[in-house]
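Novice: First, the structure itself, so that you have it in front of you.
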Amino acid sequence: MADPIIKQEKSKLSYIWLLPLVALLVALWMLYQHHLRQGQTIFITMNDAEGIVAGKTEIKVKNVKIGLIDSLRLEIERNTVVARARIETEYSDILKEDSKIWVVKPRIDESGISGMSTLLSGMYLEFLPGKSENKANLFALSDGPALISNDVDGRRYKLQSKGGEVLDVATGLFFRNYKIGQIETAEFDVETQSMEYGLFIYAPYDNLIADNTIFWLSSGLSVDLSVDGISVNTGSLSKLLKGGVSLDYPPGKSKGSVVSEGSTFPLFSTYNQALEQRFNDFDYYVIEFEQSIRGLNVGAPVEYRGMRIGTVSQAPANILVNGKPLHFRTDETSIPVVIRVEYGRIFENSKEARTFWHTNIEKWINSGLRASLKSGNFLTGGAYVDLDMYPSAPPARMRQNAYYPVLPSITSGFTAISEQVNTLLTKLNALPIETTVSSLNSAIGEYKALASNLNATIEELNNNGAATKMTTNLDSLKATLDQLTSSLKQFEGTLTNYQQGSDMVDQLTTTLSELEELSQTLKPLTKGFKEQPNMLLFNNQMQLDPVPGGK
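Mapped onto our numbering, the consecutive letters of the sequence shown carry residue numbers 7 to 557.
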């Protein structure tokens, strides 16, 4: 008997179970759509949450809402506040790692007045999209607004300043008094102990930034007192009120090669200081002065016959020898000064100038090249170092101390004059003035006595008729001479018969000439004695007889 066939029915899934599944899928889809509508979640860290309200404070880009702050929490470990915000999905692609965000509120600062509209609408967060290719969801709240938007064309550079005043953010940058950019950031570097400034130069002026561009502080009014005199410069009204940074090329120089973005430049306090620092090819020398260096300051010029060739670097020299300053020496009393010979001042090609200087310096010193101090300005009392030739100077040579070569010096200027005056006064003080005056008084007394005696003698001669006797004697002498002359002439005629050119003839001829000259000399003397007997004692000019006349 065959076994009976048992049919087993298959279980069937009821369609009713599809309803919960569909409902679950719809719920998931709705959740997904809700999540998409909620947008991207970002986190913002800040020092405090002043004015920020969860569920109310908006995030905007150019006054267009892109998100909302939905929660705030305090992070105790880092002592910061973390705000969570939702950015709408369509704006999620602007969340770059270099984006910036800050609070917009009424603000008055160097850049002007901003955020006045928030007095009615309340504060909000401004979001500045970045240009980076990397996305981010964590941002730090900036202290202030970004001065330069990322969509503004231009380049960024850096300035480094180790002195001078501290500049504020938004300070303008001026090229020949035209504003071409501004300071974007300002930070103090503890390691280098200098101010680091971030610059933004607007396009197309960024092409002005070259490798020979110099930067200096420029206020509205600057007064410079130096050995060259007084210099007063004024700028525009905006620079007078806010100041700024000026940039340009050295005088007489064209623009150099354009530098790449991010290059660093030094910032100088004045235009003159900026010009001085561009001579970076130099050598140090020491000059030991045997005189006061009062008025000689760091930065004073070093000149050769009026042409500047260097700068004073240290006055006095800050050089240690065996742990003591160089001027702390018992065997010498000189004051050392360090100077820089800057070859770019001697010639445009500094390499050729260096070769020329080193080749000839020893020869110049042997010929009398010496350094001296001279006054550059009577008003300020500033001094400078002058190099010149002194052929009569004592022999010297250039020697080497522990660090630098030493140039020989000579005392000159007011110091030399004062030393000469002191030497003269010393000699005058050493003279026996009292003895000399006493001798002079005695000589004057003797002269007076001699004059009295002479007057008495003249009076006695006049009374005794001595002048008349002397005149008679002179007449007799003249007659005798005339007779002698006549005899000699006769004798000369006699000698004409003798041989010409003999010694006797020459001697007789000479004697006759001398006697004739003597006769001619005595004639006016005899005539004078006749007319004025006292002519030997008084002026021989005859006084004119008075001419009577009536009024």
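Cβ atoms here follow ideal geometry from the backbone N, Cα and C, with glycine treated the same way.
Bear in mind that the values here come from a model prediction, so they are computed numbers and not experimental data.
At the level of alpha carbons, what is the spacing between residue 383 and residue 451?
Specialist: Near 54 Å, if we compare the C-alpha coordinates of residue 451 and residue 383.
Novice: Cβ atoms of residue 304 and residue 412: under 7 Å apart, would you say?
Specialist: The answer is no: Cβ separation not under 7 Å.
Novice: For residue 625 versus residue 288, is the C-beta spacing smaller than 7 Å?
Specialist: There is no way to answer for residue 625, as the model of the chain reaches only from 7 to 557.
Novice: How far does the beta strand (DSSP E) with residue 356 in it reach, from first residue to last?
Specialist: No beta strand (DSSP E) contains residue 356, which is instead part of the alpha helix (DSSP H) from 356-372.
Novice: Compare the beta carbon distance of residue 86 and residue 51 with 7 Å and say whether it is the shorter of the two.
Specialist: In this structure, residue 51 lies closer than 7 Å to residue 86 by Cβ.
Novice: Shortest alpha-carbon distance to residue 271 belongs to which of 165, 388 and 372?
Specialist: Closest by alpha carbon: 165.
Novice: Please report the distance separating the alpha-carbon of residue 90 from that of residue 172.
Specialist: The straight-line gap from Cα to Cα measures roughly 37 Å.
Novice: State the start and end residues of the unbroken alpha helix (DSSP H) segment that holds residue 279.
Specialist: Where residue 279 is concerned, the enclosing alpha helix (DSSP H) stretches over 277-282.
Novice: Would residue 342 be called buried (16 or more neighbouring beta carbons within 10 Å of its own) or exposed?
Specialist: Counting Cβ neighbours within 10 Å, residue 342 comes out buried, since at least 16 surround it.
Novice: If you pair each beta-carbon of the segment 70-84 with each one of the segment 22-42, do three or more pairs fall below 8 Å?
Specialist: Contact fails: fewer than three Cβ-Cβ distances are below 8 Å.
Novice: Only counting the same chain, and skipping five residues up and downstream in sequence, which positions put a Cβ closer than 6 Å to that of residue 348?
Specialist: Excluding residues within five positions, the ones whose Cβ falls inside 6 Å are 285, 288 and 316.
Novice: State the start and end residues of the unbroken beta strand (DSSP E) segment that holds residue 351.
Specialist: Segment 349-352 is the alpha helix (DSSP H) holding residue 351; no beta strand (DSSP E) there.
Novice: Would you mind giving the Cβ-Cβ distance between residue 138 and residue 180, rounded to the nearest angstrom? I have them listed as a contact below 8 Å.
Specialist: Between residue 180 and residue 138 the Cβ distance is about 31 Å, and since that is not below 8 Å, they are no contact.
Novice: Is it a yes or a no for the segment 51-61 touching the segment 127-146, going by three-plus beta-carbon pairs under 8 Å?
Specialist: Contact between the segment 51-61 and the segment 127-146 is present, because at least three Cβ pairs lie under 8 Å.
Novice: Look at the alpha carbon of residue 210 and the alpha carbon of residue 184, and state the distance between them as a whole number of angstroms.
Specialist: Distance between the alpha carbons of residue 210 and residue 184 is about 13 Å.
Novice: Is the Cβ-Cβ distance between residue 203 and residue 192 less than 7 Å?
Specialist: Result yes, Cβ atoms of residue 203 and residue 192 sit closer than 7 Å.
Novice: Quick check for students: name the residue ranges of the beta strand (DSSP E) that lie wholly in the segment 183-215, counting only runs of 3 or more.
Specialist: If we require 3 residues or more, the beta strand (DSSP E) runs fully inside the segment 183-215 come out as 184-195 and 200-208.
Novice: Distance, Cα to Cα, residue 267 vs residue 302?
Specialist: If I take the Cα positions, the gap works out to 41 Å.
Novice: Rounded to whole angstroms, what is the Cα-Cα separation between residue 141 and residue 132?
Specialist: Whole-angstrom Cα-Cα distance: 18 Å.
Novice: Do residue 105 and residue 135 come within 7 Å of each other at the CB atom, strictly closer than that value?
Specialist: Yes, Cβ-Cβ distance for residue 135 and residue 105 is below 7 Å.
Novice: What number of angstroms, rounded off, separates the C-alpha of residue 364 from the C-alpha of residue 102?
Specialist: Taking the straight line from one Cα to the other gives about 59 Å.
Novice: What are the complete alpha helix (DSSP H) segments, minimum 4 residues, inside the segment 84-164?
Specialist: 124-127, all fully within the segment 84-164.
Novice: Using CA atoms only, rank isn't needed, just tell me which of 403, 157, 394 and 332 is closest to residue 310.
Specialist: Checked all of 403, 157, 394 and 332; the closest Cα to residue 310 is 394.
Novice: Rounded to the nearest angstrom, what separates residue 252 and residue 222 at their Cα positions?
Specialist: Going by the C-alpha atoms only, they are around 6 Å apart.
Novice: Beta strand (DSSP E) containing residue 220: first to last residue?
Specialist: Its beta strand (DSSP E) spans residues 220-224.
Novice: Which one or two residues does DSSP pair with residue 330 in a beta bridge?
Specialist: Note: residue 330 sits in a beta bridge opposite 327.
Novice: Mapping the DSSP letters down to three states, classify residue 451 as helix, strand or coil.
Specialist: Helix.
Novice: Can you look up residue 26 in the DSSP assignment and give me helix, strand or coil?
Specialist: Three-state result, residue 26: helix.
Novice: With a threshold of 16 other CB atoms inside 10 Å of the CB of residue 400, please say whether the residue is buried or exposed.
Specialist: Counting Cβ neighbours within 10 Å, residue 400 comes out exposed, since fewer than 16 surround it.
Novice: Can you pull the DSSP bridge partners for residue 64?
Specialist: According to DSSP, residue 64 bridges with 74.
Novice: Between which residues of its own chain and residue 144 is the CB-CB distance below 6 Å, once the five residues before and five after are set aside?
Specialist: Cβ within range, chain order: 49.
Novice: By DSSP, does residue 166 sit in helix, in strand, or in coil?
Specialist: Of the three classes helix, strand and coil, the one that applies to residue 166 here is strand, per DSSP.
Novice: Can you tell me whether residue 167 is buried or exposed, with buried defined as 16 or more other CB within 10 angstroms of its CB?
Specialist: Burial call: buried.
Novice: Per DSSP, what kind of secondary structure is residue 59 in: helix, strand or coil?
Specialist: Residue state, collapsed to three classes: coil.
Novice: Classify residue 251 as helix, strand or coil using the three-state DSSP reduction.
Specialist: The answer is strand: DSSP assigns residue 251 an E or B state.
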